[in-house]
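Undergrad:
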Amino acid sequence: MQFDDFGPEKVIHVYNPKAGMKGFVVIDNTTFGPGKGGIRMTATVSPEEVQKLARTMTLKNILAELPFGGAKSGIVANPKRMSLEKKEEIVKAFAEALKPVSPSIYIAAPDMNMGEREMKWYAEANGSLESCTGKPKSMGGLPHELGSTGFGVFHAAKVAAEFIGIDISESSVAIEGFGNVGNFAARFLSEEGARIVAVSDSKGTIYNPNGLDYETLNAVKKEKGTVTAYPDGKVITSEDLLSVDADILITAAVPDLIREEHIGNLKFKLIVEGSNIPMTADIEKALAERKITVIPDFVANAGGVISSYIEYKRGSEGEMFELIEKTIKKNVRRILEGISSELPTPRDVAYDIAIKKLKEHCRICR
């Protein structure tokens, strides 16, 4: 666990042996409001991983001009190897354990393997509807299942493509991951006329240079559980997605997707980080030298937390989509126009803007 001039302010470990619940929350910085960030449930989630994500949330919320700090939490469990009843018990035990800090300085949200159902459990066990966002509509929520993050990723891709001279309606796109973010990004891009040539999930990648039909792909994923069952395309490995010849790559699943060995082989002109931390900042710099533009995660995928803010202030679905489009378009243009010899990547520009604002207002920062 690394501490720096800005945080984390609190790292809390919680454990309930009876429920078999082991988890932690990292509250990175609360300068602008309570720490806001999702709960990730995986068998391998670690405090170090959650700390990186919490810092990303701090920066994301500053750039989106939201009244939140940054935080993130993790539950160490494999939901695919437990009953729904057991998952509910673990989520509720986690929510109860965090009552001393949630919602006062931590507001939860969905993340990996957590959705509106789990947020319902969390709010019920915590006792406060303000303890989390992404709840079902019946609880006053704006569930992430409405596609808020994917909608923002789509607008980030559209603005960035236009900036570097790509017409989105004539572009070819590869999408890593077909969960909530990847699915909605594919839908909005398809509606705009983009040709989706490759989509991956945990079982592999379906590839067709002539394009994949979104409606068919979505139906196949729901019925068969994997995009690789798509009837008209070539099945390649998940790793081979990175070798596909396409204008744009949307990352929408795992961290550390793009590594050093991939740098020289990527054919994309634009990468939009729908997922969190899909590569290091050093790799982004190396890609910039190859004239590959990368829109960083804490700018591109801010749609989810903007949705959380609208829910938190009891706004409408229409308000949510309007604010996501406005904020992400503005920020993508701002970071691309700010690139210079001193700040050579979009991430450098975005980080510089956010850190300057944090330093100006933070009372405990060094």
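To convert, note that position 138 of the sequence shown is 138 in the numbering used here; the numbers rise steadily by one, no gaps. For glycine and all other residues, C-beta sits at the position ideal for the given N, C-alpha and C.
Would you kindly check if the distance between the Cβ of V153 and the Cβ of A252 is under 9 Å?
TA: A contact, by the Cβ cut-off of 9 Å.
Undergrad: Buried or exposed for E273, going by 16 or more other Cβ atoms inside 10 Å?
TA: Answer is buried; the Cβ neighbour count reaches 16.
Undergrad: Which stretch, first to last residue, makes up the beta strand (DSSP E) that contains A198?
TA: Segment R195 to D201, the beta strand (DSSP E) holding A198.
Undergrad: Which residues in the same chain have their Cβ closer than 6 Å to the Cβ of Y214, if we skip the five residues on either side of it in sequence?
TA: Result list for Y214: A186, R187 and S190, in chain order.
Undergrad: Enumerate in chain order the residues of its own chain whose CB-to-CB distance from K137 is below 8 Å, with the five nearest sequence positions on each side excluded.
TA: If we look at K137 and ignore the five residues flanking it on each side, its Cβ neighbours are P143.
Undergrad: Would you call the CB atoms of A54 and P8 closer than 9 Å?
TA: Yes. Within cutoff.
Undergrad: In the DSSP output, which residue or residues are listed as bridge partners for F24?
TA: DSSP output for F24 lists H13 and G74 as bridge partner(s).
Undergrad: Looking at the structure shown, is N218 part of a helix, part of a strand, or coil, going by DSSP?
TA: In the structure shown, N218 sits in a helix (DSSP, three-state: H, G or I).
Undergrad: Find out if the Cβ-Cβ distance for the pair V445, F184 is shorter than 9 Å.
TA: Outside the modelled stretch of the chain, which goes from 1 to 366, sits residue 445, for which no answer is possible.
Undergrad: Quick check: what's the CA-CA separation for T44 versus G318?
TA: When rounded, the distance between both Cα atoms is 37 Å.
Undergrad: Any contact of the region 155-172 with the region 112-128, i.e. 3+ C-beta pairs under 8 Å?
TA: The region 155-172 is not in contact with the region 112-128.
Undergrad: How about C365 and D5: do their beta carbons lie closer than 9 Å?
TA: Taking 9 Å as the Cβ cut-off, C365 and D5 qualify as a contacting pair.
Undergrad: Just to confirm, is the Cβ distance from E116 to G134 under 9 Å?
TA: Against a cut-off of 9 Å, the Cβ pair of G134 and E116 comes out as a contact.
Undergrad: Can you round the beta-carbon distance between L266 and L241 to whole angstroms, since I take them to be within the 8 Å contact cut?
TA: 11 Å between Cβ atoms; not a contact.
Undergrad: Among F151, R195 and Y312, whose alpha-carbon lies nearest the alpha-carbon of I168?
TA: Considering only alpha carbons, the answer is R195.
Undergrad: Measure the C-alpha to C-alpha separation of A281 and S104 and round it to an integer number of angstroms.
TA: Each residue's alpha carbon lies about 33 Å from the other.
Undergrad: Indicate whether M41 and P17 have their beta-carbon atoms separated by less than 9 Å.
TA: Contact flag unset, no.
Undergrad: Tell me, which residues are paired with I175 by DSSP?
TA: According to DSSP, I175 bridges with V199 and I250.
Undergrad: Would you check if the region 85-99 and the region 317-333 touch, i.e. whether three or more CB-CB distances between them fall below 8 Å?
TA: Contact fails: fewer than three Cβ-Cβ distances are below 8 Å.
Undergrad: Could you say which of S202, V244 and G233 lies nearest to G225 if we only look at CA atoms?
TA: Per the Cα distances, S202.
Undergrad: Can you tell me the Cα-Cα spacing of K324 and S148, whole angstroms?
TA: In the sequence as displayed, the identity of residue 324 is Ile instead of Lys. Roughly 8 Å between the two C-alpha positions.
Undergrad: With V235 as the anchor, note down where its beta strand (DSSP E) starts and where it stops.
TA: Segment K234 to I236, the beta strand (DSSP E) holding V235.
Undergrad: Specify the secondary structure class of I164 as computed by DSSP and reduced to three states.
TA: Coil at I164, not helix or strand.
Undergrad: DSSP three-state label for I105, please.
TA: It is coil, neither helix nor strand.
Undergrad: How would you write the range of the alpha helix (DSSP H) that G182 sits in, first residue to last?
TA: Run containing G182: N180 to E191, per the alpha helix (DSSP H) assignment.
Undergrad: Taking D297 as the reference, give the member of V332, Q51 and I75 with the closest Cα.
TA: Residue V332 is the option with its Cα nearest to D297.
Undergrad: Looking only at its own chain, which residues have a Cβ that is under 8 Å from the Cβ of H361, when we skip the five neighbours before and after it?
TA: Excluding positions up to five away in sequence, the list reads T31 and F32.
Undergrad: Would R347 be called buried (16 or more neighbouring beta carbons within 10 Å of its own) or exposed?
TA: Label assigned to R347: buried.
Undergrad: Inspect the beta-carbon positions of T263 and I283 and report whether they are closer than 9 Å.
TA: Here residue 263 turns out to be Ile, not Thr, going by the sequence shown. The answer is yes: Cβ separation under 9 Å.
Undergrad: Do K10 and V26 have their beta-carbon atoms positioned less than 9 Å apart in this structure?
TA: Yes, they are a contact pair.
Undergrad: Which same chain residues, not among the five before or five after Y207, have their C-beta less than 7 Å away from its C-beta?
TA: Here the set comprises V197, A198, G233, K234, I236 and V244.
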